[in-house]
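The next block holds one structure in the form of structure tokens; read it before the comments.
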Amino acid sequence: IHEKFGSVSLRAIPVRIIATIVTIATGGSTGKEGPSAQIGAGITYGLAKLFKFDDYHQKRLVICGTAAGISAVFGTPITGAIFGVEILYAGQMFYDVLLPALIAGILSSMTAAYWGAGYLPTIMITIPELAPRMITLSIFAGIFFGVVSLLHIEGLRGLKYMFKKAKTPEWIKPLIGGTLLLLITFFFGDRYLGLGDETIFAAVNGGNIPLFAFALKSLAMSITFSSGGNGGVLTPTLFVGAAAGSFFAKIFFLDPSVFSALGLVAVLAGSTNTPIASTILAMELFGSAVAPFASIACVVSYIITGHRSLYPGQRMLRPKTRLFVYRKDEKGNEFIVSRLKGISTEKLMRFHWNAFKKRMSEIVKLKERE
Numbered sequence: 014i015h016e017k018f019g020s021v022s023l024r025a026i027p028v029r030i031i032a033t034i035v036t037i038a039t040g041g042s043t044g045k046e047g048p049s050a051q052i053g054a055g056i057t058y059g060l061a062k063l064f065k066f067d068d069y070h071q072k073r074l075v076i077c078g079t080a081a082g083i084s085a086v087f088g089t090p091i092t093g094a095i096f097g098v099e100i101l102y103a104g105q106m107f108y109d110v111l112l113p114a115l116i117a118g119i120l121s122s123m124t125a126a127y128w129g130a131g132y133l134p135t136i137m138i139t140i141p142e143l144a145p146r147m148i149t150l151s152i153f154a155g156i157f158f159g160v161v162s163l164l165h166i167e168g169l170r171g172l173k174y175m176f177k178k179a180k181t182p183e184w185i186k187p188l189i190g191g192t193l194l195l196l197i198t199f200f201f202g203d204r205y206l207g208l209g210d211e212t213i214f215a216a217v218n219g220g221n222i223p224l225f226a227f228a229l230k231s232l233a234m235s236i237t238f239s240s241g242g243n244g245g246v247l248t249p250t251l252f253v254g255a256a257a258g259s260f261f262a263k264i265f266f267l268d269p270s271v272f273s274a275l276g277l278v279a280v281l282a283g284s285t286n287t288p289i290a291s292t293i294l295a296m297e298l299f300g301s302a303v304a305p306f307a308s309i310a311c312v313v314s315y316i317i318t319g320h321r322s323l324y325p326g327q328r329m330l331r332p333k334t335r336l337f338v339y340r341k342d343e344k345g346n347e348f349i350v351s352r353l354k355g356i357s358t359e360k361l362m363r364f365h366w367n368a369f370k371k372r373m374s375e376i377v378k379l380k381e382r383e
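In this note's numbering, the protein residues as written are 14 to 383.
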């Protein structure tokens, strides 16, 4: 979308759909929203070419198609529309395409519902009253979910790097990934394979979830995608968030339903840089009463992850906060915000890692001098 004005390879869409079906059917830890978004983008790209849209309107029509595809999977038209717009640039939205994206999302959800598509149902949980204690807990929970999001992102990135550098034939890598998933299943059960909807529902309903389920699901997802699996990252991320919320609640003797709900949306916000869409998702799934706590947890998690994302192609137009402005110019002035324009989160993550290594080497040298 960023580099080719929304151009989509129509031939690649059927291949990716089949690859996703095979991945899920063979136990891969992935989601079904990926091919759905690709179908929506492919259809709208075809329409844009048919009616000879210019580059500006073609890009916006493809964004609407992506939003419609996400809305059709989750049955959350407002979230789908806002997510499709917010995911493009971390820290800024395309407001001029928001209304058509909303219309596309609503129509897509209605069409899918008419044909009997199964959705994430509205889950009624008891939300505490708005009070200082709960606000404070939401802040600390947001910090924890931000750390989980950071590890979720870096785990996927690290395993992808390891598989990429491995000196093995490409056809061997899926076998290695499948073997690792079998080991997880053998030792910890099969709840970490596939979509994991049952565990998500169990967590937000206060069910008994293994303490470190969020870490195992994140590992299973990273193995799946690193070894060549296909699909979406949103559903596994919702699993990770809900299970992390259950973990947080158990450790501090809190209501597991409430904090599983907060974890579900806060880890999504931190992992994809979509705090607004994630807050709206909380309202669509759990009711409007959860909005104050969800918004706090989502924003804190979003800030904690820094300039990272599960989507390497996501662009960063400005820093999330002055805490993440690292560079200075020749005169010692802080990093100029405009230099961030158009930089992908993948490049920013490489920059942060190199800056961290440089800083650590400087500290080691100082210690040696002492």
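Glycine included, C-beta positions come from ideal geometry on N, C-alpha and C.
query	result
As assigned by DSSP and simplified to three states, the class of M329	strand
Chain-order list of residues whose beta-carbon lies under 6 Å from that of A226 (same chain, five-residue window excluded)	A256
Whether A94 touches L74 by CB criterion (9 Å)	no
Status (buried if at least 16 other CB within 10 Å, exposed otherwise) for I31	exposed
Beta-bridge pairing of G245 - partner residues as DSSP gives them	G44
Through-space distance from Y58 to Y127, alpha-carbon basis	25 Å
Extent of the continuous alpha helix (DSSP H) to which G300 belongs	That residue, G300, is in no alpha helix (DSSP H); it is neither H nor E in DSSP.
Through-space distance from L251 to I356, alpha-carbon basis	For I356, the predicted structure reports a pLDDT of 49, less than 50, and the residue's modelled location is therefore unreliable. The matter cannot be settled from this model.
Residue nearest to F87 in terms of C-alpha spacing, selected from Q51, T149, L298	L298
Residue burial classification, K180 (beta-carbon count within 10 angstroms, cutoff 16)	exposed
For G219 and D384, the rounded distance between their alpha carbons	As displayed, the chain neither begins before 14 nor continues past 383, which places residue 384 out of reach and without an answer.
V86: first and last residue of the uninterrupted alpha helix (DSSP H) it sits in	68-87
Sufficient close CB pairs (3 or more, under 8 Å) joining the region 181-192 to the region 228-243	yes
Cβ-based neighbour list, F99, same chain, cut-off 7 Å, excluding 5 preceding and 5 following	Position check: residue 99 holds Glu in this sequence, whereas Phe was assumed. For E99, where only same-chain residues beyond five positions count, the Cβ hits under 7 Å are M106, T287, I289, A290.
From D68, K62, L150, residue whose alpha carbon lies closest to that of F266	L150
Through-space distance from S322 to F348, alpha-carbon basis	Residue confidence for F348 is low, a pLDDT of 45 falling below 50, so the modelled location carries little weight; the figure read from the coordinates is stated next. Going from the Cα of F348 to the Cα of S322 covers about 21 Å.
Per-residue DSSP class, three states only, for A144	coil
Nearest residue (CA-CA) to I152, options Y205, L196, E142, L275	L275
Helix, strand or coil at Y127 [DSSP, three-state]	helix
Option nearest T33 by Cα separation, candidates G319, G245, E142	G245
Exposure of N243, with buried meaning 16 or more beta-carbon neighbours within 10 Å	buried
Same chain, Cβ closer than 6 Å to V161, neighbours up to 5 away in sequence not counted	A257, V280
Of the residues G40, P48, L229, S42, the one placed nearest V28, counting alpha carbons only	P48
Same chain only: Cβ atoms within 8 Å of I26, ignoring 5 sequence neighbours per side	P48, Q51, I52, G55
Contacts around L215, its chain only, beta-carbon distance under 8 Å, and the 5 residues preceding and following it disregarded	The sequence shown places Ala at residue 215, not Leu. Once the five neighbours on either side are set aside, the close Cβ partners of A215 are N221, I222.
DSSP-derived helix/strand/coil call for A384	Lying outside 14 to 383, the shown extent of the chain, residue 384 is not represented and no answer is given.
Bridge-paired residues (DSSP) for Y102	Q105, R328
Nearest-angstrom Cα separation, counted from A103 out to K354	Unreliable placement is indicated for K354, whose pLDDT of 44 sits below 50; the coordinate value is still reported in the next sentence. C-alpha separation (whole angstroms): 11 Å.
Distance between I91 and D109 (C-alpha atoms, nearest Å)	16 Å
Where Y205 falls: helix, strand or coil (DSSP)	coil
G276: first and last residue of the uninterrupted alpha helix (DSSP H) it sits in	269-285
Rounded C-alpha distance that separates A61 from F201	48 Å
Delimiting residues of the alpha helix (DSSP H) encompassing I236	226-239
Integer-rounded CB distance, given that A302 should sit under 8 Å from T292	Between A302 and T292 the Cβ distance is about 13 Å, and since that is not below 8 Å, they are no contact.
Simplified DSSP assignment, three categories, for P305	helix
Start and end residues, alpha helix (DSSP H) containing F214	210-217
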